[in-house]
Amino acid sequence: MSAGLTLDHPSAVEVHTLPASFGAELRGLRIAGDVPEADFQAFLGALHRRHVLLVRDVPNDPGAQVAFSRRMGPLELHSSTAHTHPDHPEIFCVGNAEGPNGLRAHFARGVEQWHADSSFRAVPSMASLFYGAICPPEGGETWFIDAVAAYADLPAETRARIDGLRAVHDLATLAEWNAQHTPGRGPLPEETRRKFPPMPQPLVRVHPVTGARSLFLCPAVISHIEGMPVAEGRALVDALMAHASQDRYVYRHRWRAGDLVVWDNRCTLHTATLFDHTRYQRLMFRTTVAGAA
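Mapped onto UniProt numbering, the consecutive letters of the sequence shown carry residue numbers 1 to 293.
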């Protein structure tokens, strides 16, 4: 990895690019306590430029993660309250490990699709912060797509075709997909269905800070594209997804305990790989920064 990115604010934080077309590792950034404003602004600037940030060897301190996340903006409460941290409801717990005080993580044995967090909300989330408390020695990776570069590389006629289109993101569609791919997943609760009705979102969105355009693709959540036959809309989403998931747009993160990975949901997509849950444990803490209307 190499340094060389210029920070907008004087800071001791070092920015080292990851072995991908995007992403960076931050060294010298402290998460807990009174983080200096210059360091926090360096963090934000790097996030806007590189989209995915890695901080290694972060102590396991859920309260500090919540406080640092909240500095970015208001936090979302996950729709599945059964799997939130018992002491910090802002943290959604992911994995197959159980913790003290009744902590019970959300574990899906099935394949996960590419997505951006909270795409089904009226205002999708701004960013997610994912902490590796317990990480298996193999599998359980998180993969990211640079949706900005993927959009920019599309042929001009394709960009013209999709600009202005809206895809409907629906939790009921996701529940149907999960029922097919994740054994034992139950139907979508009626209360959740009422709380989160189908929500149209742009197929190409514009980043509110950088102005960059990116592909907003969540195949398992999108029910259809407005004004287009369902089959035709599905074919379009699949074709765009096949383009965006090419290796040149993907960063694959192999976790180790103490990693904190932060990603900008407004310009990236992500997914997870499976791991052998009969041999290994995995426990991850996610905080999600709400988007701005």
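Glycine included, every Cβ here is placed at the ideal spot set by N, Cα and C.
Predicted, not measured: the structure shown is a model, and the values here were computed from it.
Work out the CA separation of A82 and D146 for me, nearest whole Å.
32 Å
Would A24 and R50 be called neighbours here (beta carbons separated by less than 7 Å)?
yes
Name the two residues that bound the continuous beta strand (DSSP E) containing G95.
92-95
Which same chain residues end up closer than 6 Å to C135 when comparing Cβ atoms and leaving out the 5 residues on each side of it in sequence?
W255, R256, A257
Tell whether a beta-carbon distance below 7 Å holds between E37 and A290.
no
Using alpha carbons as the reference points, say which of Y131, V94, C93, W143 lies closest to W114.
W143
With burial defined as no fewer than 16 other Cβ atoms inside 10 Å of the residue's Cβ, what is the status of Q180: buried or exposed?
exposed
Report the three-state DSSP secondary structure of residue 296 (helix, strand or coil).
The requested residue 296 is not part of the displayed model; the chain covers only 1 to 293.
Whole-angstrom distance between E14 and R193, CA atom to CA atom:
44 Å
Identify, in the order they occur along the chain, each residue of the same chain with its Cβ nearer than 8 Å to the Cβ of Q281, setting aside the five sequence neighbours on each side.
G95, N96, A97, I134, P136
Taking all protein chains shown into account, do 16 or more other C-beta atoms lie within 10 angstroms of the C-beta of D259, making it buried, or fewer, making it exposed?
buried
To test your reading of the DSSP string, which unbroken alpha helix (DSSP H) runs of 4 or more residues are found completely within the stretch 155-206?
156-162, 171-181, 190-195
Using the three-state DSSP reduction, which class does D57 fall into: helix, strand or coil?
coil
Measure from the alpha carbon of D34 to the alpha carbon of each residue in L240, R71, V230, S118, then state which is nearest.
R71
Runs of 4 residues minimum, wholly inside the stretch 230-285: which ones carry the alpha helix (DSSP H) assignment?
230-244
Three Cβ pairs or more, each shorter than 8 Å: is that satisfied between the stretch 100-112 and the stretch 244-253?
no
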